[in-house]
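Below is one structure; the comments refer to it alone.
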Amino acid sequence: MTGAASALGPAHRDRSLAAMAGEVFDILVVGGGVTGTGAALDAASRGLSVALIEARDYAAGASSKSSKLIHGGLRYLEMLDFGLVREALSERKLLLTELAPHLVRPVPFLWPLTHRGWERPYVGAGLLLYDSIGGRRAVPRARHLSRAGALRLAPALRPDALVGAVQFYDAQEDDARMVACLARTAAGHGCALATNVRMDAARTEGGRVTGVVARDLLADADLTIRARHVVLATGAWTERGRLAVQPSKGVHILVPRHRIASGTGLLARTEKSVLFVIPWGDHWLIGDTDTEWPHDPGRPAACRSDLDYLLAKVNRLLRDPLTLADIEGVFAGLRPLVAAPDTRDTTRLSREHTVRSLAPGLTAIAGGKFTTYRVMARDLIDAAAAGLPGPVPPSRTDTVPLLGAAGYRERWAGRGRLAAASGLPQPQVERLLGRYGSCADDLLDLIGERPDLGRPVEGSGGYLAAEVVYACTHEGAVRLDDVLARRTRTAIEVRDRGLAAAPRVAALMAAELGWDGARAAGEVARYRGLVAADLAAEAEPDDLAAYRAGAPDPVPFYGP
Ligand SMILES: Cc1cc2nc3c(=O)[nH]c(=O)nc-3n(C[C@H](O)[C@H](O)[C@H](O)COP(=O)(O)OP(=O)(O)OC[C@H]3O[C@@H](n4cnc5c(N)ncnc54)[C@H](O)[C@@H]3O)c2cc1C
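Under our numbering, the sequence shown is numbered contiguously, ending at residue 938.
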């Protein structure tokens, strides 16, 4: 079993809120995306006292809406941004081999070539560089393919869409799960964390920020949290003050795996960027778009023209074109890009991160990529630590594996035995190991004690009832959409977006979180409203109409 300290259940939330009301922390982190949870882990593993508040849920912002790639970014190589690519590829290797081998895995991509002559040497040289910067053995090396070889690997491709191809490797993860895992790992290092707590204002004494005034949205109560330094990792919400963020909307669609006959992911150039077709369980994840989003960052919405754009781009490659009817899931997120004075074209904005002191005792970060969260977290805490009394040790997160990494490889090797002992089919055990690492032990123990929890929740896309229970007892889930959209990915993996599964999931959550019948029914009704608003937005022709049709942000906007 994993240590009790890392179990983000209701008791941990209560303890954290009591500590937040009484203690003065070294560092208070605002924002529970990958940057904020990464910063909390960085600071806590240096021995600092740390608290984190998140207005919604872990990863409720961009960190559950990414392409889910841990990558150097071939696009940035082409833009000659070698520093960014090198840094990202070194993080890719560290995550794959040391820090999160249970969550991050290699993924193959086929890059179809469309021009004879110059393109193969050009792409080949780029991928050779990509592989050599990426270091040996982290992922297999790129290989060249003839058109016939490429069509054998990806029979779905139109023969006239390519003259040959190169296959290369990057890495992928489930972004929302990784953030929940970071939060748990930070808790294991003594960090106090609470979701559904929104920062409303900075608390200032003698010209220095000494904490925040916040609202516990579950208890509907204000609280003051004191800290020697406050760091803002609020992503697209960091749009006011001295660090201007220009949110860029990115939309993905999911289609069933059988609709594209291919044994490899695909990458294709578009006019301004690239299109990815990424294997994702029983689906292909197709994305993404890159457009300015001037509306409330709380609820970016996909519109019909986003879906049409993605279908048009992917259909240029396919023998059997996809239609709107093939789309089973949709999600939209906002890249928190640092604004530049000379352009509003979000495809041209840098993906580098910026750390800035906003006031004595207050530092903010923006920009960056999921892949480089650890570097961003280190830079943020280095900046904050400079203002703390006394020496602070350097970051050590390059040697701190995420929860579930230790013992993962041994369990993977013994997965046949685990399956036999638990009575679960081996593919199910493999799935659990790939989502929880060695913490899969906790789920197997739970199923051992309550065998009914070993069955999938109907309509959820195959997630076990035990996973719903565990999300509440160990992974900080407190609202129905926390489970359906982020701890599991039911919301994007089943055609009805999880509506059929919602009542059963709510009933399982109610038993763990002490909800009465009215609260459980309220959660289901709220979830239905969110799905209906998404569907309405997707039917609208453009962003403004989609924004108006979409649901309002359940947490009212506040830009710190
Ligand atoms: C479409 C898309 C595709 C992407 N693909 C990739 C990819 O494949 N690989 C990659 O490396 N990167 C990718 N990225 C980039 C990456 O996802 C982001 O850079 C990263 O997730 C940003 O994390 P964050 O923690 O800074 O922001 P967020 O995840 O947005 O977190 C900010 C958090 O702050 C909280 N918050 C805001 N205001 C308050 C307040 N007042 N009080 C308390 N909490 C508050 C919000 O609720 C939110 O949870 C992609 C991004 C997008 C949008």
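Glycine included, each C-beta is placed from N, C-alpha and C at the ideal position.
Taking 8 Å as the cut-off, the Cβ atoms of residue 665 and residue 700 do not count as close. Taking non-hydrogen atoms of ligand 1 into account, the C-beta of residue 408 is found less than 7 Å away from one of them. With a cut-off of 7 Å, the C-beta of residue 457 is classified as distant from ligand 1, since no heavy atom of the ligand falls inside that distance.
For residue 680, the CB contacts under 6 Å within the same chain, skipping 5 residues up- and downstream, are 629, 708, 710, 916 in chain order. Excluding the 5 residues flanking it on each side, residue 873 has same chain C-beta neighbours closer than 6 Å at 706, in chain order.
In this structure, the C-beta of residue 487 stays at least 7 Å away from each heavy atom of ligand 1. Residue 695 sits in coil when the DSSP states are folded into three classes, being neither helix nor strand. At the C-beta level, residue 651 and residue 715 stay beyond 8 Å of one another. According to the DSSP assignment, residue 748 belongs to no beta strand (DSSP E), since it is labelled neither H nor E. Inclusion of residue 714 in the 7 Å shell around ligand 1 follows from its C-beta lying nearer than that to a non-hydrogen atom of the ligand. As DSSP reads the structure, residue 542 sits in a beta bridge with 491, 524. The closest CA to that of residue 624, considering only 686, 596, 671, is found on 671. C-alpha of residue 465 to C-alpha of residue 428: approximately 27 Å in a straight line. Counting along the chain, the unbroken beta strand (DSSP E) around residue 625 starts and ends at 623-634. Residue state for residue 578 is assigned as strand, using DSSP reduced to three classes.
With respect to the 8 Å criterion, residue 423 and residue 733 are not classified as neighbours on the basis of their beta carbons. Note that the stretch 441-461 does not touch the stretch 598-610; fewer than 3 beta-carbon pairs, one per stretch, sit closer than 8 Å. In the DSSP annotation of this structure, the continuous segment of the beta strand (DSSP E) that includes residue 661 starts and ends at 661-665. Per DSSP, reduced to three states, the secondary structure at residue 588 is strand. At a threshold of 7 Å, residue 666 counts as near ligand 1, since its beta carbon sits closer than that to one of the ligand's heavy atoms. Its chain contains 404, 405 as the residues whose beta carbon lies nearer than 6 Å to that of residue 426, once the 5 sequence neighbours on both sides are disregarded; these appear in chain order. The beta carbon of residue 412 sits closer than 7 Å to at least one heavy atom of ligand 1.
Residue side-chain check: residue 431 places its Cβ nearer than 7 Å to a non-hydrogen atom of ligand 1.
If you keep only unbroken alpha helix (DSSP H) runs of at least 4 residues inside the stretch 892-932, you get 895-917, 921-927. Secondary structure within the stretch 797-858: the alpha helix (DSSP H) runs of 4 or more consecutive residues, fully enclosed, are 804-814, 818-827, 843-852 (chain order). Contact holds between the stretch 542-562 and the stretch 432-440, because three or more Cβ pairs, one in each stretch, are under 8 Å apart.
Boundaries of the beta strand (DSSP E) harbouring residue 735: 731-737, taken from the DSSP string. When C-beta atoms of the stretch 555-569 are compared with those of the stretch 410-424, three or more pairs fall below 8 Å, so the two segments count as touching. For residue 497, the enclosing alpha helix (DSSP H) covers residues 497-511. With a beta-carbon spacing of about 6 Å, residue 697 and residue 534 fall inside the 8 Å limit used to define contacts.
According to the DSSP assignment, residue 570 belongs to the beta strand (DSSP E) that extends over 570-573.
The beta carbons of residue 783 and residue 815 sit about 6 Å from each other, so the pair counts as a contact at 8 Å.
Note: residue 548 is bridge-paired with 485 in the DSSP secondary-structure output. The three-state reading of DSSP puts residue 715 in strand, counting E and B together.
Between the alpha carbons of residue 491 and residue 611 lies a gap of roughly 40 Å.
For the options 900, 411, 505, the alpha carbon positioned closest to that of residue 463 is the one of 505.
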